[in-house]
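**Q**
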Amino acid sequence: MEAAVAPVVRGLRVGCQRLRYGSGSERKWSLQSKQTSFRSCSTGMTLDNINKPAIDRIIRVDHAGEYGANRIYAGQMAVLGRTTVGPVIQQMWDQEKDHLKKFNELMVTFRVRPTVLLPFWNVAGFALGAGTALLGKEGAMACTVAVEESISEHYNNQIRTLMEEDPEKYKELLQIIKKFRDDELEHHDVGLDHNAELAPAYSLLKTAIQIGCKAAIFLSERI
Amino acid sequence: MEEFHSWDAKAVVRYPLYPAQRAFQASALLRRVSDEQKQEPPPSSSQQRFESHPPGDQPDQEPQRSHHSYTDQGGEESEDYESEEQLQQRILTASLEFVPTHGWTADAIAEGAKSLGLSVAAAGMFHNDGSELILHFVSQCNSELSNLLEEQQKLVQLGQAEKKKTDQFLRDAVEARLRMLIPYIEKWPQAVSILLLPHNIPSSLNLLTSMVDDMWHYAGDQSTDINWYTRRTVLAGIYNTTELVMMQDSSPDFEETWHFLENRIADAMKMGHTAKQVQSTGEALVQGLMGAAVTIKNLAGLNQRR
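So the sequence lines, in the order shown, correspond to chains A and B. Taking my numbering, the leading residue of the first sequence gets 2, the next gets one more, and so forth. Taking my numbering, the leading residue of the second sequence gets 5, the next gets one more, and so forth.
(1) Using only CA atoms, which one of K138(A), E165(A), T116(A) lies nearest to P88(A)?
(2) Terminal residues of the continuous alpha helix (DSSP H) containing I212(A)?
(3) If the criterion is Cβ atoms closer than 7 Å, does the pair Q157(B) and Y243(B) meet it?
(4) Among Q283(B), M251(B), Q291(B), G286(B), which has the Cα closest to the Cα of M184(B)?
(5) Touching or not, the region 90-101 of chain B and the region 110-128 of chain B, by the rule of three or more beta carbon pairs under 8 Å?
(6) Just how far apart, CA to CA, sit S284(B) and H277(B)?
(7) Thinking P187(B) and P256(B) are a contact (beta carbons under 8 Å), I'd like their distance in whole angstroms, please.
(8) Whole angstroms is fine: what's the gap from E293(B)'s alpha carbon to Q77(A)'s?
(9) Tell me which residues share the same chain as M275(B) and place their Cβ nearer than 8 Å to its Cβ, disregarding the 5 neighbours each side in the sequence.
(10) What's the gap between the Cα of N157(A) and the Cα of R182(A)?
(11) Helix, strand or coil: how does DSSP classify W262(B) here?
(12) For a contact meaning CB atoms closer than 7 Å, what does M108(A) contact in chain B?
(13) Name the chain B residues whose beta carbon is nearer than 7 Å to that of L119(A)?
(14) So, at 7 Å on beta carbons, what are the nonlocal neighbours of R61(A) in its own chain, with the 5 sequence-adjacent residues on each side left out?
(15) What residue from D95(A), E173(A), I212(A) has the CA that sits closest to H188(A)'s CA?
(16) State buried or exposed for F173(B), treating a residue as buried only when at least 16 other CB atoms are found within 10 Å of its CB.
(17) Output the boundary residues of the alpha helix (DSSP H) element that contains K138(A).
(18) Once the 5 residues before and after L152(B) are set aside, which same chain residues still bring their CB inside 7 Å of it?
(19) Whose CA, out of S87(B), D176(B), Q194(B), lies closest to the CA of L139(B)?
(20) The alpha helix (DSSP H) spanning G107(B) covers which residue range?
(21) What are the residues in the region 47-72 of chain A lying within 9 Å of chain B by C-beta distance?
(22) DSSP three-state label for V109(A), please.
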C-alpha cells in the first residue's frame with residue numbers, strides 16, 4: 002500500500018510546486034489534474050499545467066503589442082488613408098486586427114491581466130502612426146519597418162523561451178506566435194518595398210522608434 | 005520573474021505571499037495526512053472523493069467544528085511524515101473554533117494546538133498578532149467561494165440551472181462570501197484591523213484581488229481592456245463597504261446588509277450604463293463636428309482635390 006501511495010504523493014507534491022503560480026479556481030483543479038496526469042503525461046496547455054507567470058507575461062505583452070500596432074496603423078490610415086498606399090496600409094491593419102482578436106481570446110482563456118498601460122498605448126500608438134505619416138508615405142513605411150522589426154525580434158525571443166521550457170506543452174502557442182512572427186516579417190518587407198529607406202532621417206527615426214518599442218515591451222510585461 | 009526555486013516553508017510562515025495557493029495545497033495535503041488512521045483507499049477512489057466532497061467521511065480527528073472547512077478530500081496516503089507546513093495548517097484550522105471566544109489571537113491558536121493534542125507552545129510557531137490565523141481563514145473562505153461558483157457554473161453548463169444576470173450573480177456571490185463571516189462576526193473588526201497592518205497588506209491585498217478576479221471570472225467577464233481593472237476595483241469597493249456595513253448590522257439575518265449590497269450593485273450597474281451612454285453621445289458629437297467641418301470646407305471651396 003505504501004508503494005502504491007508514494008508515487009501519487011510525489012505526483013501531488015510535483016503538482017503543489019506548480020500550484021504556487023495559480024490563483025482562483027485553477028488552484029483546486031491542479032490537484033485533480035495532477036492525479037490523472039501522473040498516469041499519462043499531460044500534453045497541451047491547460048490552466049493548471051502551465052508556467053503561469055511566464056505565460057502571463059507573454060500573453061500580456063503580446064496583447065499590448067498587437068493593440069499598439071493596431072493603433073499605429075489606425076493613425077497612419079487617418080493621414081494617408083486616401084492616398085495610393087492606403088490599401089497597403091489597410092491590408093496590414095486588417096492582419097493586425099486578426100492578431101489582436103486572437104490574443105483577446107488567449108487572454109480570456111488563461112485569465113491573464115491586461116496591462117494597465119493600455120490607454121497610454123492607445124494614444125501613443127495613434128500619435129506615432131499619424132506623426133510618421135505626416136512625414137509622408139515613406140515616413141509611414143519607415144515606422145512600419147521599425148516596429149515590425151522590433152516585434153519580430155520580440156516574438157523570436159518568446160519562441161526561444163517557450164522552446165526551452167517545453168515545446169510539446171506549448172505547441173499551440175508556439176504555432177500562433179510563429180505565424181504572427183511570419184506575418185510581421187512580411188509587413189516589414191512590404192515596408193521596405195515601399196521605399197521606407199527614403200524617409201527623412203531614416204536611421205534616426207528607425208532607432209528612436211525601436212528604442213520606444215523596447216521600452217514598451219519592458220513595461221507591458223511588468224505593469 | 006518571481007520564480008520560487010525551492011519550497012521555502014519559512015517564507016510561507018512569515019510572509020505568505022501566495023497564501024491562497026500555499027494554504028490550499030498545504031491544507032489539502034493535510035487532509036490526506038489527517039486520515040492516517042484510516043484505511044487507505046486506492047488512488048482512483050480517492051479521486052472520486054475530490055469530486056464528491058463527502059463531508060460524512062471526515063474522521064473525527066479534528067474536534068467538532070461548527071463552521072465550514074475545506075471540502076474534505078479523503079485521505080489517500082498514510083505516510084506518517086507530515087511537514088511543518090501541514091502541521092501549521094492543521095493547527096490553524098483547529099484554532100478557528102476557538103476564535104469566537106478568544107478572538108484572533110495567539111490564545112486561540114494555543115487552544116487549537118491543545119485540541120489537537122499538541123503542546124500549547126506550538127502557538128509559538130506563529131506571529132503574536134494572529135495574522136496567520138486570519139489569513140488562513142480568509143484564503144479558506146476564498147477557496148470555498150471558488151468551489152461554490154465552480155459548482156454553480158457546472159450546473160448551468162449541464163442545463164440544470166438558469167444562467168443568472170450579472171448583477172444578481174455578483175450579489176449572490178458577495179452575499180455567499182460574506183455569510184462565511186457570520187460565525188466570527190463579533191471578532192471580525194479585530195481581524196480587519198490586523199489585516200490592515202503594513203506587514204499584512206501585501207497578503208491581504210493579494211487575497212482580495214484574487215477573490216474579486218474569481219467572482220468576475222465566473223460572472224462571465226471577458227474584458228481585455230481597462231474595463232478589466234475598473235470592474236474589479238468597483239467590485240472590491242462594493243465588497244469592502246458591504247463588509248463594513250455588516251459589522252455594524254444588527255438586523256435579523258443581516259437584512260440591511262443585503263439591502264445595502266443590492267443598492268451598491270445597482271449603482272455600479274447604472275454607472276456602467278451611464279459611462280456607455282456618455283461614450284456614444286461623445287462619438288455622435290464628434291461625427292457631428294466632423295460633418296460640420298467638411299460642410300464648411302466645401303462652402304469655402306477648400307475641399308478641392310489637387
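Where is the CB? At the ideal position from N, CA and C, for every residue including glycine. Note that the structure is predicted; figures quoted are calculated from it, not measured.
**A** Working from what's here:
(1) By one-based count along the first sequence, residue 88(A) stands at place 87. Closest option to P88(A), Cα to Cα, is K138(A).
(2) Your numbering for residue 212(A) matches position 211 in the first sequence. That run of the alpha helix (DSSP H) goes 203-223.
(3) Here residue 157(B) corresponds to residue number 153 of the second sequence, with the count starting at 1. Here residue 243(B) corresponds to residue number 239 of the second sequence, with the count starting at 1. In this structure, Y243(B) does not lie closer than 7 Å to Q157(B) by Cβ.
(4) The count along the second sequence starts at 1 and reaches residue 184(B) at position 180. M184(B) has its Cα closest to that of M251(B), out of Q283(B), M251(B), Q291(B), G286(B).
(5) A contact exists between the region 90-101 of chain B and the region 110-128 of chain B.
(6) The count along the second sequence starts at 1 and reaches residue 284(B) at position 280. The count along the second sequence starts at 1 and reaches residue 277(B) at position 273. In a straight line, the C-alpha of S284(B) is about 11 Å away from that of H277(B).
(7) As a first step, residue 187(B) must be located in the second sequence, where it is residue number 183. As a first step, residue 256(B) must be located in the second sequence, where it is residue number 252. Not really, about 16 Å apart at Cβ, beyond 8 Å.
(8) Here residue 293(B) corresponds to residue number 289 of the second sequence, with the count starting at 1. Here residue 77(A) corresponds to residue number 76 of the first sequence, with the count starting at 1. Glu is not the amino acid found at residue 293(B); the sequence shown has Leu there. Going by C-alpha positions, L293(B) is about 22 Å away from Q77(A).
(9) Position 271 of the second sequence, counted from the start, is the residue given in the question as residue 275(B). Excluding positions up to five away in sequence, the list reads V238.
(10) For the purposes of this step, residue 157(A) is identified with residue 156 of the first sequence, where counting begins at 1. For the purposes of this step, residue 182(A) is identified with residue 181 of the first sequence, where counting begins at 1. Using only the alpha carbons, I get a separation of about 7 Å.
(11) For the purposes of this step, residue 262(B) is taken as residue 258 along the second sequence, with counting starting at 1. When DSSP states are grouped into helix, strand and coil, W262(B) belongs to the helix group.
(12) Start at 1 with the first residue of the first sequence, and residue 108(A) comes out as number 107. Near M108(A) (Cβ distances below 7 Å), the residues of chain B are T228.
(13) Counting from 1 along the first sequence, the entry for residue 119(A) is found at position 118. Going along chain B in sequence order, the residues near L119(A) (Cβ under 7 Å) are D229, I230.
(14) The sequence position of residue 61(A) within the first sequence is 60, counting from 1. Here the set comprises V113, R114, P115, T116, S221, E222.
(15) Residue numbering aside, residue 188(A) sits at position 187 when the first sequence is read from its first letter. The shortest C-alpha separation from H188(A) is found at D95(A).
(16) The residue you call residue 173(B) lines up with position 169 of the second sequence. By the 10 Å Cβ count, F173(B) comes out buried.
(17) For this step, residue 138(A) is matched to residue 137 along the first sequence. Its alpha helix (DSSP H) spans residues 138-166.
(18) Within the second sequence, numbered from 1, the residue matching residue 152(B) stands at position 148. The residues are A180.
(19) Reading the second sequence from its first residue, position 135 is the one you call residue 139(B). When C-alpha distances from L139(B) are compared across S87(B), D176(B), Q194(B), the shortest belongs to Q194(B).
(20) By one-based count along the second sequence, residue 107(B) stands at place 103. Careful: G107(B) lies outside any alpha helix (DSSP H) and carries neither H nor E.
(21) Listed in sequence order: N52, P54, A55, R58, H64, Y68.
(22) The residue labelled residue 109(A) in the question sits at position 108 within the first sequence. Looking at V109(A) - three-state DSSP - the assignment turns out to be helix.
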